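One structure is given below, encoded as structure tokens.
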RNA sequence: GCGACCGUGGCGGAACUGGCAGACGCGCCAGCCUUAGGAGCUGGUGGGGCAACCCAUGGGGGUUCGAGUCCCUCCGGUCGCACCA
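Residue numbers (our numbering): 132 to 932.
Shown next, in the form of structure tokens:
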């Protein structure tokens, strides 16, 4: 054995983590940074179980990118925080019977320790937690800005209600229509007054802006889908009683085929269209529909249910009287809550009409399609003057024709709903509103913020259906800030997604207690340069953040409309092909691996597992490969001769490696970047020795991936300065990277027959001449004339005979 | 049902705008070194012929001098949304 000390990751990592902290290595000057780079990763929810490998996978990839940018000369701000409010924490707290206010700090402490241990380049000066009153004071401020702008409104809306818990459930607590905690109790819907943000007013902008965002295409597709824009028309169906039923349809061309009308059971017109003799049946049906929970109500059931209301409405196109039905396959939240049913050209209407023996009238002819035919590639029939027109054109003409009589309006409809931010829960920031009998809902004056969440010994929900906060009398009863009369606080807390919709805006300004975000800091650091996170947040978090950014800009608080111009989604780490979850019991925790192998080895292993943006299957068998690689680098660095020229082939390989690692790290292809570094190390070992000149660039390339080891080896290689991260990313010489001979494939009729080694950039004629002289090639050309030559520079030549 | 994606050795995965399939790593095999090794080193490793060749990227078809890559079709899998009119 040589006299090289053995690589002891635990000692190396402890040493450098201490130095980084002492030397403030990871703390950029936020006020004076000349080249600011805001490297953001989605902050974690600090679960009781601690950081798991999925978190670490995401953070490692993002951290590598941040360190890479730092080495390229940017001043990188990489903050970390905790999304600690919300139903997860509250449920866990309920299950162990301890107030979340006591549990969360412990969880955060565990996360903080784990995050330091893995070596993230976090600027801990700017840590935040959404549960900190100093943070949620500004979450409440944000609510007030929307409230004052008329964007926070109160509406009645359905919630899941468990009659056993006597409380509101989140959708994820409803399992197949039953309460998660009472598997034999059916969940029902109840209607409560709740706070909504008017995100639908921004639907068009949220959709249009997607075009100019540099985001993973999968994420864009998810958002586009969620916003769900549909073009169509609102048509009016009149009842003899004088009521008019507006319906939304995307297929106005099929109006001649509308043979009945359906209202959602909650529709306000149900009363007016129900006849006396049908009243009992309709009431019974409404009760039945209400007893279903929201989730199963929406999941398409095989058999449809409904009830005839007793009255008829006039089809605006045909003038016919058609029956009005009440059925829960029509949803109150979409369109107008009422539809014209065209059973011949809509699957759901077809099912319903078949079941209840309602007439089915075909008005679109499509080649080779039987009913129900939903294609728009047909021509109209049985549609009066519009017969023979293609669907789309016919639809436009029908809308125009009906519009003359005030019976139709073209309009656009979105699936996106207003954002319900009310939670009838304990563990969240109280919504800063005071209800006064005289003044109505009144904003808490900003000087009185935060409305602190009081510590409540018994924080369990009770059978009142309102948040446990209502039980805290001193907190609940207040004076109206406007008239001074008796008033009560709003007891709903806000949605966790509101907390996380602006945390990135707070990070650079955490030390300012008197403002949510400092204008100068915000001007310098926002919008976020690169955002890396999982696709589980592709819709809600990212959509809400974009919405909040638009509002803040519109109200003059910030200078940008889109918070995350560049977003990359990482993949998922699975275990044995299945998603890791507590219930499956296959959650992998990194601590033991870090203990055994070191953080650097484990970081690189996670990145080598598969493509960062696709994820991979966690198998511990490969870890040793990374460790062997780092051991080799360690050995080479310690044995490197201080001086000495690089052999030509080593130099070429070095420049190729720099090129590959640079572009792969930039594109987050960490697995192939690591492979390239391994190849270089293999070459160095074949040559039999390393020089410091050959090792120094490697150590810098490796630094984002294995930061502690790189720091250590940088000093071994005689590096100056306090940190390898004060160095510059190596550059490569394109000429050197591509110099030397190349091997060219020689094909005859498209089949590989031989290989030639020629100088790079050889002329076609020379290569062809040499190819024709080749024995193997001669055998296959067999004296036949060459009809065609395909030559790809430095790659191949194909002779067609 | 709608939308997005994927299918390559024993395994994880490479392969730029079509151009030498299997980089890199794990595992496995052989040898070396060791009292010993779950350490280290050297070599080998898609399949078949055991050679000069043939066959191989889920199946079938097509475009092309040339297809893992493009097109059609079928099979299988993953994710998201889902009675959205």
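Ideal placement from N, C-alpha and C gives every residue a C-beta, glycine not left out. Just so we're clear, the structure is a prediction, and the values are computed from it rather than from any experiment.
Buried is the label assigned to residue 737, since at least 16 other Cβ atoms lie within 10 Å of its Cβ.
Under the three-state reduction of DSSP, residue 172 is assigned to strand. When the Cα atoms are used, residue 381 and residue 571 turn out to be separated by approximately 39 Å.
Partner residues in the beta bridge of residue 289, as assigned by DSSP, are 322.
The residues 510, in chain order, have a CB closer than 6 Å to that of residue 521 in the same chain once the five nearest residues on each side in sequence are set aside.
Non-local C-beta neighbours of residue 777 in its own chain, meaning closer than 8 Å and more than five positions away in sequence, comprise 785, 822, 824 and 825, ordered along the chain. In this structure, the straight-line span from the alpha carbon of residue 926 to that of residue 631 is close to 51 Å.
About 7 Å separates the beta carbon of residue 394 from that of residue 461, a gap short enough to meet the 8 Å contact definition. Classified as buried, residue 734 has 16 or more neighbouring CB atoms from the shown chains inside 10 Å of its CB.
Contact between residue 682 and residue 282 is confirmed by a C-beta separation of about 6 Å, below the 8 Å threshold. The Cβ neighbour count for residue 813, taken over all protein chains shown within 10 Å, is under 16; the residue is labelled exposed. Each residue's CA atom was taken as its position, placing residue 904 and residue 863 some 37 Å apart. Distance from the Cα of residue 782 is smallest, within the candidate group 829, 290 and 748, for 829. Beta-bridge annotation (DSSP): residue 471 is paired with 392.
Excluding residues up to 5 positions away in sequence, 628 lie with their Cβ nearer than 7 Å to the Cβ of residue 671 in the same chain. Positions of the alpha helix (DSSP H) runs, each at least 4 residues long and wholly inside the stretch 143-228, are given as 184-202 and 218-227 in order along the chain. Annotation for residue 834: no beta strand (DSSP E) segment contains it, and DSSP assigns it neither H nor E. Under the 10 Å beta carbon count, residue 576 is surrounded by fewer than 16 other beta carbons and is classified as exposed.
Bridge pairing for residue 260: 213 [DSSP].
Between residue 536 and residue 358, the CB-CB gap reaches or exceeds 8 Å. Remark: C-beta atoms of residue 744 and residue 690 do not approach each other more closely than 8 Å.
Looking at the DSSP output, residue 919 bridges to 931. Counting C-beta pairs closer than 8 Å gives fewer than three between the stretch 284-293 and the stretch 330-341, which falls short of the contact rule.
Annotation for residue 815: the continuous alpha helix (DSSP H) segment containing it runs 801-818.
Its Cα nearest to that of residue 448, the residue 383 stands out among 495, 163, 383 and 569. Contact holds between the stretch 147-156 and the stretch 849-858, because three or more Cβ pairs, one in each stretch, are under 8 Å apart. In the structure shown, residue 570 falls within a coil segment according to DSSP collapsed to helix, strand and coil.
A distance of 8 Å or more separates the beta carbons of residue 441 and residue 467. In the three-state DSSP reduction, residue 349 falls in the helix class (H, G or I). Using a 10 angstroms sphere on the CB of residue 791, the tally of other CB atoms reaches 16 or more, which defines it as buried.
In the DSSP assignment, no residue is bridged to residue 767.
Under the DSSP assignment, residue 877 falls in the beta strand (DSSP E) whose first and last residues are 872-879. For residue 895, the enclosing alpha helix (DSSP H) starts and ends at 895-903. For the alpha helix (DSSP H) assignment, the uninterrupted runs of no fewer than 4 residues enclosed by the stretch 846-871 are, from N- to C-terminal side, 865-868.
In the DSSP assignment, residue 246 falls within the alpha helix (DSSP H) that extends over 231-248. Between residue 563 and residue 271, the beta carbon gap of about 4 Å places them in contact (Cβ cut-off 8 Å).
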